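Some notes on the structure that comes next.
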C-alpha cells in the first residue's frame, strides 16, 4: 500500500469515472446509506458550481423552513452590516441616571446596567456573533477535515498518532480550553474562536471518522488505488464527498453551537471582553437582574435561540439540498 | 445610618401602596393580552396551512422522480427526501406561536410574581435555633495566619478567634481578651491586662503566655500582616494576666492592628491543621467547612465571655452568582444577604413587610490607579484630566445610589478622613483643555488600557470608557482574572490604569511605599505619614494623615471612584446583624431570627 | 482481542501525552498561588517565602515527576490552598456533578431516543414537523437562558410554581437524599432537555439514514412491517453512531454543566475547577484535569470498543482491509 502523501501520476478523472461505474454496483449490492454520491457531481467545472449554488439555494428556498432559515440568516448579515455604520443610539451613550429603564420611544428595548440602549447593543452584537460563528466554523472545518484525513490515513503511524491525539485532546472540554486560553490572553473573541474551533474540529473529525473509514476501506477506493490514485486524490474524491453530508450538518451545528458557546463563555467571564457588543454580553450582564428586570434577559436569549434554530435548520436543509440522492435537480446540472 | 434606613422606609411606604393598586390591573392586562395572542395564533395557523398547499404542489412534482428512482414505497421516501411535505409549514407556524405564548406567559408570571404581596398572619414569636447567612467572597481555607483576604477576617475574627483587643462597628478599638491597657508616656511600651478565666474551645486555658506566644510566632514566621506590626521590639507575659509589648519607636496604629490579625491569640498547646480546622476562644466553633461553598458555625459550649451566641447554629453560605444569592433569600434558603447588589435589592425594598434592606459604612475604596511612571500616565495633566472627566455621581447613581463619593485615599471610617471631593469636581471642559495641552483630542485620542479583575463586573469599565471618550481618551478595557491582575499589575506594574476595590482599613501606608504598584512617590507624603505614626495623640495623628491624604489626592496618582457601602438585605425577623464593615468584621453572637408561628 | 489490546495501549499513551500537555500548559499561565495567598498588601519577600514553603521553587521537571510518582501510587496530591487531599475534594464535587450528568443524560436519552424514534416513524407530516421543531428549538436554547426560564417557572421562591429548589446543594449532601435529589432536578432538566433535543436530531438522522438503506427494504421483504423493521433492524444499525454521539455528549455536558453549576450555585466539578484555576492552585487543577481527561479517554475507549462490536459492517470492512 502506498502512503497517503505519495504522489501519483494517474489521471484523477479516470479514477472518478471508474468510481461512477463502481458506485452503481455498490448502490444495488451494499445499500446506499454511506457510499451514495455518484462521481458525476464531483467532476464539477466552475460554471457548473455556480449553477449548483443556484440550484442548492433554490431548493433550500422552496422549503418552508429553508425559507425561514435563509431569511433569518440574511437578516443577521444585514443587521451586522448596518450596525457598523448606524445604530439607533450610540453604544457609548451611557447614562448612569437611567439604568434598566423600561422600553420607550428613545430606547425600544429599554436600557442596560450602564444606561446604554439595549436595542443598539443587540444590533451591534449581531456582527460580533457573526464574526465568531464564521471564523469558528472555518477553523473547525479545516482542523476537522485535516484530522479526519490523518485518522483514516493508510500510513499507520500517522493514523495511530492522530487517533490518540484526537482522543486525548477531545477529553478536554471546550469550556476548559477557553478557560485556560483566557488566562494568558484575557477575555477575548479570539479565545472563543480558538476554543470552539479546536473543540468542534476534534468532534467533527471523530464523528466523521466512521464514515470516512467505511469509505476508505470500501472496494471502490481499493480499486481507485489499484489504478494508482494518490492518497490525496482518494481523500478529495472519495472520502471527503462521502463524509460531506455529515461534515456539513456538523459544521452548521457548530456554527450554532459557537453562538451558544459565546453566551456561555461570556457568562463565565472568558468570552467577549468588556466593551465589545455581543448577545452573550447582553445576556450575561442582564442575567444577574432577571428577577428585577426579566425582559432585558428575554431578548438576547430569544435572539440567540432564533438564530441558532435558523443555523440548525439551514444545516438540515442544506444536507438534503447538496445530496444528489435527495435533490434530483442537482443531478441535472 | 438612621437617615438612610429612613429614606428606605419612605420609599417602601409609597411603593407598596402603588403595588397594591396595580395588582389587579396587571393581572387583567395579562389575561387580555394572552387572549389576543391566541386569537392571532388561530389566524396565522390557518393562513399558514393555506399557503402551504401551493408549495406542496410544486414540491411533489420535482421529488417524484427521485423517489421512484431510489426508494421503494412512496410513504417511506418521505422520511428524508421530500421533507417539504404537507403540514410542515403549519407545524412550524404553530410551534412559533407556541414559543411566543410561552415566553409571553413567563413574562406575565414574572410581572405578577414581582407584584405579589405576601400576607402576614399574626401569631406567636419563635426564635430560630439556626440562621443561614448568604455572603459573597468565600475563603479557600481557614489558615488565618497565612491566607490573605477579608473573607477570613469576616468569618473568624471575633467569632472563632479573638484578639488581644477588638474593634467596634465604628472601626474604633475596644477591649477584647484584654479588658484594659496602658500606654507609656513615650508611646513605646504597652501593658495589657487580660480577662480572667478564659479558655479555648478545646478546653485549654487561655492566658498571657498564649498571647505572647501568638505574637512572637507571627513575627518570627512572618505570618500574614506581620509587617503591619511596625517598630515591634518584644512581647512578654509578665504574669498570667499581664502582657507587655515594647516598640522601638512609637506607632500610632498599633492598637488598631492588634484588633486585626496580628493580635489574634492561638492555643500554643493545640495541634491541628489550620487550613481545615480552627481552635479559638470565641463564641463559635467551626463545625463544618466546605471550601468555596459554606461554613457551619456552632455555639462554643465552653465560651468564657460576655458575647454568648444567641443562635446556636449559624451557616454561612457563599454565592458567587448574585442572582443565585437573591433567589436564595427569596426562597428562604438564607435569611440574610450581605452584600446584595443594590439594583437587585429592589424587590426586597418594595416588600418591606417581609424584608429589611439597609446600607452600612465601610472602608472599601474603588481605586482607579493611574501608573505614575507609566509611559502615558506619567503626565500629570492626563491624570488630572481623567479625574475631572469622571462623573462620580453618575457612577454611584447607576449602582443604586448607596455608595459615597470619595475624593482621596482615606474613607470616612478611617483616621484622617477629610472630604476631598472638591479637589477635582466633574468638569469635562477643564478635562478637555488639559488633554489638549497634553497633545490629545477626540480626533487624536490617547489610547489607554484599563486592567481590572473580573469580580467587579463589566459595567464600570464600559461607563469609564464612555466617560473618557469625549475628552480624547480611547480606553481599552481589559477584564482579567484576579490572579492575572496580581501578576500583571501588582507584581509587574505593567498597566496604564487599574481598578481594584481596596477594602482594607488603615492602609494609607500604600502611598508611602515606592515599590507598591501605584509607582507613586512623594517625600512630603512620607514625612507626614511618619510624623502621624509617631504622634502621641489620636487627634494629632488624624490631622497629619489628613494633610498627607490631601497631598496624595492633589498629585492625582489615582481616582477614587467611590466609597463602596455594603447593602444588606434580611428577613424582617432578623436582628443583631451588623451593617457597618460587615465584609471584614462580622460579629455574629447577637444575630437572632424571630419567626412568627401560626 | 488484538484490537482491544492495541486500543488499550493507545489509551495509556494518550493518558501520558495529556499529562504532559496539562502540566506544561498550566506552568505557562501567569500568576501563582503564592501571590494569591499573600494578597494585595504583602511585601515580595512574603510571596517568596510562601513559594518556597509550598515547593513551587523546585525545578519543573522535579515537580512533574513528583506529581506523576504520586499518581502512580494513586495519590493525587494535596491542594496548596485548602490543604485537603485532591481526591477527597474531587470526590465531594463529583458527588454533585456525576449524579447531575447521569440524571441529565437519563432525561436526554428519554427525550431524545423516544422522540427521535417516534419522529422518524411518524407518518403524519404534521406530527413529524412538530417533533422536528421541538428538536431544533430545544437544541438551540442557550443553557444559561434555558436554566433561567426553568427557574422562573419552577424555582422555589421565584418561580410561578415554586416547587423546586433552584439554589445550591444541601450541606448534608446525599445523606439527606430527598433534598439532594430535589436540588438536582432543575439543573438536570436544563441539561437534559437541551441535550435531549440534539440527541433527538442525531437519532432521527442516524435512523433516517438506515431507514433509507437497503437493509430496511430487505427486512421488510422478509415480512417485517416498517415499524418492526425500524425497531429490530434500524435501531441496531443506528446504535453505533448513537453510542459515539452519547459518548461525546458526556464530554460536552461538562462544558454545559459549568454554566449550569454556576447558575444553580452547585458545588460541582466545573465550578470547583474554575475556582481552583482562578486561585492558581495548580496541583489541584492539574490533578482534576487529569482525572477528567482520564475519565473521558476511558469513555472514548469504551465507545470505540462498543462501536466496533456493534457495527458488523465496520468489523468486516476493517478485517477485509487488513487481509
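Chains as they are written, first to last, in the working numbering: chain A, 1 to 333; chain B, 334 to 931; chain C, 932 to 1254. Note that CB positions come from ideal geometry on N, CA and C, so glycine has one too. No experiment lies behind these values; they were computed from the predicted model shown.
If we ignore side chains and look at the alpha-carbon of each, how far apart do residue i and residue j end up?
i                       : j                       : result
residue 1168 of chain C : residue 1100 of chain C : 41 Å
residue 417 of chain B  : residue 326 of chain A  : Since pLDDT at residue 417 of chain B reaches only 38, below the 50 mark, its modelled position is unreliable, and the value read off the structure follows with that caveat. Answer to the nearest angstrom: the Cα atoms are 12 Å apart.
residue 786 of chain B  : residue 839 of chain B  : 23 Å
residue 283 of chain A  : residue 1083 of chain C : 16 Å
residue 895 of chain B  : residue 889 of chain B  : 15 Å
residue 298 of chain B  : residue 1212 of chain C : In the structure displayed, chain B extends from 334 to 931; residue 298 of chain B sits before or after that span and is not available.
residue 872 of chain B  : residue 689 of chain B  : 37 Å
residue 1008 of chain C : residue 1064 of chain C : 49 Å
residue 834 of chain B  : residue 701 of chain B  : 9 Å
residue 241 of chain A  : residue 301 of chain A  : 36 Å
residue 605 of chain B  : residue 541 of chain B  : 21 Å
residue 463 of chain B  : residue 642 of chain B  : 11 Å
residue 487 of chain B  : residue 979 of chain C  : 26 Å
residue 731 of chain B  : residue 640 of chain B  : 39 Å
residue 549 of chain B  : residue 474 of chain B  : 23 Å
Quick one: is residue i near chain C, going by C-beta distance under 7 Å?
i                      : result
residue 917 of chain B : no
residue 45 of chain A  : Confidence at residue 45 of chain A is low in this model, with a pLDDT of 42, below 50, so its placement is unreliable and no value can be given for it.
residue 260 of chain A : yes
residue 355 of chain A : Residue coverage of chain A in this structure runs from 1 to 333, which leaves residue 355 of chain A outside it and unanswerable.
Flag residue i as yes if its beta-carbon sits less than 7 Å from any beta-carbon of chain B, otherwise no.
i                      : result
residue 994 of chain C : no
residue 31 of chain A  : Since pLDDT at residue 31 of chain A reaches only 33, below the 50 mark, its modelled position is unreliable, and no value is offered.
residue 881 of chain C : Only positions 932 to 1254 of chain C appear in this structure, which leaves residue 881 of chain C out of reach.
residue 108 of chain A : no
residue 968 of chain C : yes
If the cut is a Cβ gap below 7 Å, which residues of chain C does residue i touch?
i                      : result
residue 474 of chain B : 1012, 1013 and 1014
residue 179 of chain A : 1205 and 1208
residue 144 of chain A : Here the premise fails: no neighbours, minimum Cβ distance about 13 Å.
Excluding five sequence neighbours on each side, which residues of the same chain lie with their C-beta closer than 7 Å to the C-beta of residue i?
i                      : result
residue 261 of chain A : 174, 192 and 196
residue 467 of chain B : 650, 652, 658, 661, 662, 667, 669 and 670
residue 176 of chain A : none
residue 995 of chain C : 954
residue 409 of chain B : Bear in mind that the predicted position of residue 409 of chain B carries a pLDDT of just 34, short of 50, making it too unreliable to give a figure here.
residue 90 of chain A  : none
Spatial neighbours of residue i within its chain, please: CB distance less than 6 Å, with the 5 preceding and 5 following residues excluded, ordered by chain position.
i                      : result
residue 913 of chain B : 502, 693 and 694
residue 907 of chain B : 668, 669 and 926
Would you verify that the beta carbon of residue i is, or is not, closer than 7 Å to some beta carbon of chain A?
i                       : result
residue 1190 of chain C : yes
residue 698 of chain B  : no
residue 727 of chain B  : yes
residue 730 of chain B  : yes
Please list, in chain order, the chain B residues whose beta carbon lies closer than 7 Å to that of residue i.
i                      : result
residue 124 of chain A : Here the premise fails: no neighbours, minimum Cβ distance about 13 Å.
residue 94 of chain A  : 795, 796 and 799
Who are the neighbours of residue i on chain C, taking C-beta pairs under 8 Å?
i                     : result
residue 71 of chain A : Going along chain C, no residue has its Cβ under 8 Å from residue 71 of chain A, so there is no contact; the nearest lies around 16 Å.
So, for residue i: in the same chain, excluding its five sequence neighbours on each side, which residues have a beta-carbon less than 8 Å away from its beta-carbon?
i                      : result
residue 96 of chain A  : 114 and 115
residue 826 of chain B : 704, 706, 850 and 852
Can you pull the chain B neighbours of residue i, defined as C-beta to C-beta under 8 Å?
i                       : result
residue 1198 of chain C : 623, 625 and 626
In chain A, which residues lie with their C-beta within 8 Å of the C-beta of residue i?
i                       : result
residue 1068 of chain C : 305 and 309
Whose Cβ in chain B lies nearer than 9 Å to the Cβ of residue i?
i                      : result
residue 973 of chain C : 481, 557, 558 and 560
**OP:** Closer than 7 Å, Cβ to Cβ, to anything on chain C: give me those residues from the region 161-172 of chain A, in chain order.
**Re:** Of all residues in the region 161-172 of chain A, only 163, 164, 167, 168, 170, 171 and 172 come within less than 7 Å of chain C when Cβ atoms are compared, listed by chain position.
Original post:
If contact means a Cβ-Cβ distance below 7 Å, which residues of the region 268-282 of chain A contact chain B?
Top reply: Residues passing the 7 Å Cβ filter: 269, 273, 274 and 275.
**OP:** Please name the residues in the region 289-315 of chain A whose beta-carbon is closer than 9 Å to at least one beta-carbon of chain C, in chain order.
**Re:** Contacts with chain C (Cβ-Cβ distance below 9 Å) from the region 289-315 of chain A involve 290, 291, 294, 297, 298, 300, 301, 302, 304, 305, 306, 307, 308, 309, 310, 311, 312 and 313, listed in chain order.
Subject >> Interface residues of the region 506-522 of chain B facing chain A [CB-CB below 7 Å] >> reply: Closer than 7 Å at the C-beta level to chain A, one finds no residue of the region 506-522 of chain B.
Original post:
When you check each C-beta in the region 183-200 of chain A against every C-beta of chain B, which residues fall closer than 7 Å?
Top reply: Within the region 183-200 of chain A, the qualifying residues are 183, 186 and 187.
Subject >> Selection of the region 785-808 of chain B by Cβ proximity to chain A, strictly under 7 Å >> reply: So the close ones are 787, 791, 792, 794, 795, 796, 798, 799 and 802.
**OP:** Check each residue of the region 936-947 of chain C: if its Cβ is closer than 7 Å to any Cβ of chain A, include it; give the result in chain order.
**Re:** Hits within the stretch, in order: 941, 944 and 945.
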